[in-house]
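Rendered as C-alpha cells:
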C-alpha cells in the first residue's frame with residue numbers, strides 16, 4: 168500500500184487549526200481538527216492536535232506550519248538581547264524613524280520604542296558611496312573590539328546595516344565573518360543577505376527586527392521539530408511566509424522577518440486555490456477569525472503585494488500580501504464608548520477567557536455571543552460538537568449591555584452584528600476602492616471560523632456582484648448577481664492553504680537608472696545575476712534547478728517622484744521601453760492618470776523564485792455526497808428583528824448539486840454558513856458553497 172502524509176497546523180488567536188492530508192494509493196483523505204490555542208506556549212496546541220490525529224508518523228513527508236510566534240515576539244517585546252552595527256553618523260536611525268507622526272492631533276503621542284535600545288547600537292567607522300566604492304575602509308580591529316564588548320554583555324543576536332551596502336557587500340560581509348569568529352553562538356544578520364535595497368531606515372529596521380526575533384523563532388521551530396522527531400517524524404518542516412508561500416526550516420535564520428504577519432497569508436493562498444477550482448479568479452478574501460478580520464484583493468489569481476509594511480509602528484520592507492486587518496472577529500468585545508455609542512472591537516476575548524458562551528470565564532458580550540443568542544450558533548453543533556456552548560451566558564451578558572443602552576436584548580444582539588459588519592466593510596473598501604478597484608466586480612471568498620456567518624450580509628451591503636462563469640450559468644443571459652464563495656474546510660482554510668502553498672523566496676536589488684539609459688543587456692545581466700544567487704540558495708536547500716520557476720518585476724517611478732510602483736513581467740523585460748510602457752499602465756490603474764512624456768526611472772529589480780507544489784490530488788477533490796436528499800431540522804433564529812423558522816443542514820450530508828434557499832444555516836465541523844432570506848446556496852463539485860442573491 169502506497170501512503171503519503173502531510174500535516175498542516177496554523178495557530179490562530181483563538182483556535183489552532185490542523186489538517187492531516189493522506190494519499191492512500193492515489194486517493195485523497197483529509198482529516199481536520201480545531202483545538203484551543205495556548206498563547207503562552209503555542210507549540211502545546213500543535214502537539215495536542217498532532218497526538219489526536221496522528222498515531223503513526225511514518226510516511227509523513229512534510230509538516231507545514233503557520234505561527235504567530237514571530238509576530239507576538241515583536242508585539243510583546245519578547246525577543247532576545249540584540250545589538251546593531253551601523254555606519255558612523257547613523258546610530259539614531261531607529262529612533263528618528265521617518266519623522267512621521269501617525270496622529271498629528273495627539274498631544275501625548277509617543278514614538279514606537281525600537282527593538283534595539285540606543286545603548287546597543289554601535290557606530291562603525293566605515294563608508295561606501297552609493298555606487299559601492301570604498302570611501303573609508305572598515306577597521307577589522309574596531310569590529311573585534313565591538314565583538315568583545317558584545318560578548319561581555321551577553322548579546323545573543325547581532326544585526327549589521329552599513330550605509331549603501333546594497334551597492335557592495337564587502338564591509339558587511341567582513342564584519343559578519345569577524346563577529347561569528349569572536350562569538351560563535353551568536354546569530355548574525357547582515358542587510359546584504361536579506362534586503363540589498365535602498366532607503367536606510369526601512370533596511371535598518373528590517374535588519375533590527377530580524378535579529379531581534381531570529382533566535383526566538385529558531386528556538387521555537389527546533390523545539391517543535393525535536394518533539395515531532397520523538398514521535399517518529401522524519402520529514403521536513405516548512406514555515407509559512409507573509410508572501411503566501413512557505414520556506415524550509417533551514418532558511419529560517421535569514422528569512423525570519425518574512426514570517427511576520429504571515430498568519431492571514433496562508434488563508435489567502437487556500438482561497439485562491441478553492442476559487443480557481445470553480446472557475447473564479449477575481450476575488451476579495453474575507454477571513455474572520457477569533458480576533459480579527461483580514462481582507463485581500465486578488466486579480467486573475469494573483470494577490471496584491473506590498474513592500475511598505477509595519478508591525479507595531481516599525482517598518483518591515485519585505486514583500487507581504489497586501490492584507491488589510493481590522494479588529495473584528497468572533498471574540499471581538501461589544502462595549503459602550505464615552506458618547507454612549509455601541510462599539511465592537513478591536514479588543515478581543517481571545518482564546519482565554521473567550522466569549523461568555525464558551526464557559527471559560529468570559530464575562531463580556533462578543534460577536535460569538537450575539538450569534539449564539541440569535542440561534543445561529545447551536546450549542547451542540549459548534550466546532551463539530553467538540554465545544555459545547557451555553558447560550559444562557561450569552562443572554563446574560565447581552566441583556567446587561569442592552570439595559571445600559573435602554574434597548575431590548577434582541578435589538579442588541581442584531582446591533583452587535585451590524586456594527587461588526589460595518590467595521591468589516593471598511594476593511595473591504597480599504598483593500599479595494601482605496602486602491603483603485605471596484606469591489607462590485609469581485610466575488611467575496613469567506614472563510615475563517617466566522618467568515619461564513621457574516622459574508623452574505625456584508626456582500627449584500629457592499630453590492631458585490633459578478634456575472635457567473637459559463638460553467639456555472641444556468642440562465643440564458645448575464646444577470647447582475649450578488650455572490651459569495653464559501654470554501655469547504657472554511658474554518659481551517661489557513662491550514663489548507665499551507666498544504667497547497669508553493670515554496671517561494673523573494674530577492675531584491677537596488678540599482679537606479681533611467682529606462683532610456685538602460686541597455687537591454689544590462690537588464691538581462693542584472694536579472695541573471697539574481698537568478699544565479701537564487702539557484703545557489705535553493706539547491707543548497709535541496710531543490711533541483713529544473714524545478715525552479717522565476718517571476719520578474721521592477722520598482723519604477725517617474726523621475727523626481729519619491730516613491731515607486733511595482734511592475735510585473737512574465738519574462739525578463741526586453742528593454743527599457745517595455746518597462747516604460749508597462750509603468751504608464753500601472754500608474755494609471757493605481758492613480759487614475761499617468762504622464763507619458765515624463766522619464767521613467769528603474770529603482771529596484773525583483774525576482775520571485777518558486778518551487779511549485781504537486782497539488783494534483785488536491786485539485787481533483789470531489790464531493791462525496793452522504794445522502795440522496797436534503798436532511799434538515801427547523802429551529803427558530805433571530806433574523807431581521809424576528810424569530811423565524813430556519814432550516815439547519817449538516818454540510819457533510821448535503822446531496823450532490825444541493826440548492827438551499829434561505830433562511831438557512833449550514834453547519835460544518837470547522838465553520839457555520841448563514842444563508843439569509845432571499846439568498847440561495849449551491850453546492851459545488853469540490854464541496855464548496857456559492858451563495859447568490861439576484862438583484863431586483
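In my numbering, the protein residues as written are 168 to 863. The C-beta atom is built at its ideal place from N, Cα and C for all residues, glycine as well.
| Just checking, does the segment 344-359 make contact with the segment 317-330 on the three C-beta pairs under 8 Å criterion? | yes
| For residue 825 versus residue 814, is the C-beta spacing smaller than 8 Å? | no
| request: Whole angstroms is fine: what's the gap from residue 241's alpha carbon to residue 695's? | output: 36 Å
| Using CA coordinates, which residue listed in 650, 717, 678 is at the minimum distance from residue 671? | Ranking the options by Cα distance to residue 671, first place goes to 717.
| query | Between the C-alpha atoms of residue 593 and residue 518, what's the straight-line distance to the nearest angstrom? | reply | 25 Å
| query | Are the Cβ atoms of residue 740 and residue 751 separated by less than 8 Å? | reply | no
| Which value, in whole angstroms, describes the spacing of the CA atoms of residue 476 and residue 367? | 15 Å
| What residue from 460, 437, 502, 479 has the CA that sits closest to residue 470's CA? | 437
| With residue 203 and residue 174 assumed to form a contact (beta carbons below 8 Å), what rounded beta-carbon distance in angstroms separates them? | 19 Å between Cβ atoms; not a contact.
| residue 754: first and last residue of the uninterrupted alpha helix (DSSP H) it sits in | 743-758
| query | Whose C-beta lies closer than 7 Å to the C-beta of residue 720 among residues of the same chain, with five residues either side of it excluded? | reply | 733, 734, 735, 736, 773
| request: Could you have a look at residue 782 and say whether DSSP puts it in helix, strand or coil? | output: Correct three-state label for residue 782: coil.
| task | Classify residue 644 as helix, strand or coil using the three-state DSSP reduction. | result | Legend: pLDDT at residue 644 = 35, less than 50; position of this residue unreliable, no value from coordinates given.
| From which residue to which residue does the beta strand (DSSP E) around residue 853 run? | Note, residue 853: premise wrong, no beta strand (DSSP E); not H, not E.
| Which value, in whole angstroms, describes the spacing of the CA atoms of residue 310 and residue 382? | 22 Å
| Residue closest to residue 591, alpha-carbon to alpha-carbon, out of 570, 308, 842, 621 | 621
| task | Verify whether the separation of the beta carbon atoms of residue 655 and residue 410 is less than 8 Å. | result | no
| message | Taking DSSP's pairing of strands, which residues face residue 682 in a bridge? | response | DSSP output for residue 682 lists no bridge partner at all.
| Of all the options 584, 664, 185, 343, which has the alpha carbon lying nearest to the alpha carbon of residue 216? | 185
| Within this structure, are the beta carbons of residue 421 and residue 448 separated by less than 8 Å? | Their beta carbons are not under 8 Å apart, which means residue 421 does not touch residue 448 by this criterion.
| When we look at the beta-carbon of residue 636 and count the other beta-carbons within 10 Å, is it buried (16 or more) or exposed? | Any reading at residue 636 needs caution, since the residue's pLDDT is 42, under 50, leaving its predicted position unreliable; the model's value is listed next. Result: exposed.
| From 664, 319, 508, 687, pick the residue whose C-alpha is nearest to that of residue 871; which is it? | Coverage of the chain is limited to positions 168 through 863, which leaves residue 871 absent and any answer about it impossible.
| query | Quick one, which of 481, 464, 525, 558 has its alpha-carbon nearest residue 278's? | reply | 481
| With burial defined as no fewer than 16 other Cβ atoms inside 10 Å of the residue's Cβ, what is the status of residue 229: buried or exposed? | It counts as buried.
| query | Going by DSSP, which residues form a beta bridge with residue 192? | reply | Answer is none; residue 192 lacks a bridge partner.
| query | Taking buried to mean at least 16 other C-beta atoms within 10 Å of its own C-beta, is residue 618 buried or exposed? | reply | buried
| query | Between residue 779 and the rest of its own chain, which residues show a CB-CB distance below 7 Å, the 5 nearest in sequence each way excluded? | reply | Closer than 7 Å at Cβ, skipping near neighbours: 669, 716.
| query | Can you list, in chain order, the residues of its chain whose CB lies under 8 Å from that of residue 902, leaving out five sequence neighbours each side? | reply | There is no way to answer for residue 902, as the model of the chain reaches only from 168 to 863.
| Residues of its chain near residue 463, where Cβ-Cβ distance is below 6 Å and the 5 sequence neighbours each way are ignored | Taken in chain order, the residues that qualify are 435, 452, 470, 488, 490.
| field | Nearest to residue 235 (by Cα), restricted to the options 524, 288, 408, 171 | value | 408
| So, residue 756 versus residue 603, is the Cβ gap smaller than 8 Å? | yes
| task | Going by CA-CA distance only, name the one from 226, 846, 855, 195 that's closest to residue 820. | result | 855
| said: List, from N- to C-terminal side, the alpha helix (DSSP H) runs of 4 residues or more that fit wholly inside the segment 398-470. | reply: List check, alpha helix (DSSP H) in window: 419-422, 430-444.
| request: Return the first residue and the last residue of the alpha helix (DSSP H) that residue 655 is part of. | output: Neither: residue 655 is in no alpha helix (DSSP H) and is coded neither H nor E.
| residue 379 bridges to which residues according to DSSP? | BP columns for residue 379 are empty, so no partner.
| Neighbourhood of residue 212 by C-beta, 7 Å cutoff - its chain only, sequence neighbours within 5 removed | 178, 183, 202, 203, 204, 205
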